[in-house]
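According to numbering that gives the first Met the number 0, the sequence shown holds residues 0 to 412 in order. What follows is a single structure, written as structure tokens, with notes after it.
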Amino acid sequence: MIRKLATIFGTLGIFAVGFFLIGLMGSLRPKPERVEPEIAPPTVFYEIVEPRTVTLDVIAQGEVRPRTDITLTAQVSGRIVETSPKFLDGGAFEKGDLLLKIEDADYRYALASAKARVAQAEEALRREEAEAALARRDYEELGEGDPSALALRLPQLAQARAAFEAAQAEYQAAELNLARTAVKAPFKGRVRQRLVGEGQFVTVGSQLGRIFSTEIAEVRLPLTDSELAKLGLPIGFVESENEPGPRVELTAEVGGDVHVWEGRIARTEGAIDPGTRQIGAIAVVDDPYGAGAAEDGTPLAAGLFVTARIEGRPYDDAIVLPRSALYGRDTIYLIGENDRLEKRIVKVIDAARDTITVANGLQPGDRVAISPLRGAEEGDAVAPMDPDAVGDEQEEGEPLPPVAENAARRGRL
């Protein structure tokens, strides 16, 4: 029994010593040095700065309205005895066309009476002038001292002259009233609404109809202060022969087709809208129903809602970049020497959905990072890649990475 226990404990001792020696040898073995894995810099697409002349257009919307839109009113009383076939809702007329006629018999009689009174007053004036001349001659022959005004019949002469002038004024008023029985168009235009008919009696001030001019159409276009700056327009701009307004292209869908009209900015309202903080620019189109109509003859009708593209002023040495290059309001990153990021502050003169336009802060040939730089800082190393080269090397049918795809698409635009 004792011999068996001794054998067991001896065997266990041998194993214990073996494990101890193995552990000791492992601890004495030299440990390998830890090698940190090398992290490759991120790939960043870039765009080369190429300054060029850029014209920044401004997009706005507005409603077409006639420059002149008035309500015709009667200036004399009477029964309407005639209406023109043009005096209908939507009717077109030329300047000076007769629209309607008010019965003029009473006014012709009044004119004849006024003419007779003028003749009577003129005769009385001539007679009084002769009497005054005779009185002066008699006093010069027989009188002594300075003659009185009454002796020279000056009051009677003044009264006769005043009566003649009053008779003339009455005649002119009667003549004017007679002319007012014929209601004529004050301009070339169209009838918006006829309010009276033949046989109807009207009084002074009665509304006869609403008409508007087709000589000039206007569109009010609300603009922000920055948009005015793009156009180079002051708040109180008024076009002149030496300073014409910017060109405007108006578009609208009529009858299922898109039509285009050409116009210009004639003036600004000269005041800021307190509600919107915007300024109204007035675009005009001459002869919108004639020469100013679209190429297919579609008129720029009053009430039409249009989209306007206003031609901006040109900017020399401007730089157009993808919108993805901009961080915040005025920061971009360049890929500088040794392929490291450099922060640059620029002046952004226009920011569209896909692009920005920069006026200064960059030099020709600079490489602008256009890839998203999440968490990047100035001085970080990057692996620059030309998106045009990616587009050329990409095999047909193989999808591009998102950034490269956008860059290649811009290169094709």
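We put the CB at the ideal spot given by N, CA and C, even for glycine.
#1: My output table needs one value for A300: the three-state DSSP class, helix, strand or coil.
#2: Measure from the alpha carbon of E130 to the alpha carbon of each residue in K114, E121 and R152, then state which is nearest.
#3: If you check the beta carbons only, do I210 and V195 fall under 8 Å apart?
#4: Based on DSSP bridge pairs, tell me the residues matched to P50.
#5: If you compare alpha carbons, which of T213, G244, A113 and G208 is closest to A91?
#6: How about A216 and V117: are their beta carbons less than 8 Å apart?
#7: Quick one: Cα of E341 to Cα of K229, how far?
#8: Three-state secondary structure (DSSP) at N359?
#9: Please report the distance separating the alpha-carbon of P40 from that of D56.
#10: Is E46 closer than 8 Å to V367 when the C-beta atoms are compared?
#11: Which of the three DSSP states, helix, strand or coil, is assigned to Q206?
#12: Kindly list the residues whose CB is nearer than 8 Å to the CB of F86, restricted to its own chain and excluding five residues on each side of it in sequence; keep chain order.
#13: With distances taken between CB atoms, is the gap from P287 to R263 smaller than 8 Å?
#14: For F200, which beta-bridge partners are listed by DSSP?
#15: Pick out the complete beta strand (DSSP E) segments inside the segment 303-351, 3 residues or longer, and give them in chain order.
#16: Which ranges would you report for the beta strand (DSSP E) in the segment 86-172 if only whole runs of at least 3 residues count?
#17: Quick check on the DSSP output: the beta strand (DSSP E) that includes D68 runs from which residue to which?
#18: Measure the C-alpha to C-alpha separation of R409 and G378 and round it to an integer number of angstroms.
#19: Output the distance between the C-alpha atoms of P371 and R276, rounded to the nearest integer angstrom.
#20: Short of 7 Å in beta carbon distance, which residues of its chain neighbour Q362, apart from the five on each side in sequence? Order them along the chain.
Taking the definition as stated:
#1: Residue state for A300 is assigned as coil, using DSSP reduced to three classes.
#2: Taking E130 as reference, the option from K114, E121 and R152 with the minimal CA-CA separation is R152.
#3: The answer is no: Cβ separation not under 8 Å.
#4: Looking at the DSSP assignment, P50 forms no beta bridge with any residue, so it has no partner.
#5: The shortest Cα separation from A91 among T213, G244, A113 and G208 belongs to T213.
#6: The criterion of a C-beta distance shorter than 8 Å is not satisfied by A216 and V117.
#7: Here the alpha carbon of E341 sits roughly 29 Å from the alpha carbon of K229.
#8: The DSSP-derived three-state label of N359 is strand.
#9: Looking at the backbone, the Cα of P40 and that of D56 are separated by about 40 Å.
#10: In this structure, V367 sits near E46, with a CB-CB distance shorter than 8 Å.
#11: Residue state for Q206 is assigned as strand, using DSSP reduced to three classes.
#12: Non-local C-beta neighbours of F86 in its own chain, meaning closer than 8 Å and more than five positions away in sequence, comprise F92, L98, L99, V190, R193 and G208, ordered along the chain.
#13: Contact: no.
#14: Here F200 is bridged, per DSSP, to R78.
#15: Uninterrupted beta strand (DSSP E) stretches at least 3 residues long and entirely within the segment 303-351 occur at 304-309, 313-321, 330-334, 340-344 and 346-350, given in chain order.
#16: Correct list: 97-101.
#17: D68 to T72 is the span of the beta strand (DSSP E), which, as asked, contains D68.
#18: Any answer about R409 is weak, because its pLDDT of 39 lies below 50 and its placement is not dependable; what the coordinates show is given next. So the two alpha carbons sit approximately 28 Å from each other.
#19: The alpha-carbon of P371 is positioned some 35 Å away from that of R276.
#20: Answer for Q362: V48, listed in chain order.
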